[in-house]
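Below: the structure, in structure tokens.
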Amino acid sequence: MAEVEEENNDNTNNNPSFPVGRVKKIMKLDKDIKKVTSEALFLINLSTELFLQFLTEKSSKVAIEKKRKIIKIDHLRIAVKRHQPTSDFLLDSLPIPSESVNRPSKDGNQSAPVEKPLPVGTRRIDDIFKKSVNETN
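FYI, full-length UniProt numbering numbers position 111 of the sequence shown as 111, with every residue one higher than the one before it.
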């Protein structure tokens, strides 16, 4: 019986893979959150890891269907569209696909991609990870 418990403990990864401080900082961007308990931080960290693993698996399947070895943003977009709960909140945050990414234009006149305006009070997810001017290390 003790061997079974040891085996279960070895298979369970209790260490979050994302930096706890960064996750806490992202959570505190929400003005409604004042304090974050360590248990909540741990659960959000692990659930984020599971969500990213899920997205990676689904995107990998799309890439394999398209006979590609590298997962690209288009594969991620297709995977998100196929899963309705994920599509409801994530599809608006993904960059708009452009058909002329791989093909250079003949004229050399390439217009910048038009970005869809974000809803009021929201930010793009990649803005969270950019260092602000006020931050100095």
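Idealized CB from N, CA, C, for every residue including glycine.
On a predicted model such as this, the values are computed, not experimentally measured, just so you know.
Between which two residues does the alpha helix (DSSP H) harbouring E115 extend?
-> Unbroken run through E115: none, as it is neither H nor E.
Where does L76 land, buried or exposed, given buried means 16+ other C-beta within 10 angstroms?
-> buried
A79: buried (16+ other C-beta within 10 angstroms of its C-beta) or exposed?
-> buried
Cβ shell of I33 (< 8 Å), same chain only, five flanking positions each side left out = M27
How would you label V62, buried or exposed, when you count the other beta carbons within 10 angstroms and need 16 or more for buried?
-> buried
For the region 65-72 against the region 42-55, are there 3 or more C-beta pairs whose distance is under 8 Å?
-> no
Quick one: what does DSSP say R124 is sitting in, helix, strand or coil?
-> coil
Could you tell me the distance, in whole angstroms, from the CA atom of P16 to the CA atom of F42?
-> 7 Å
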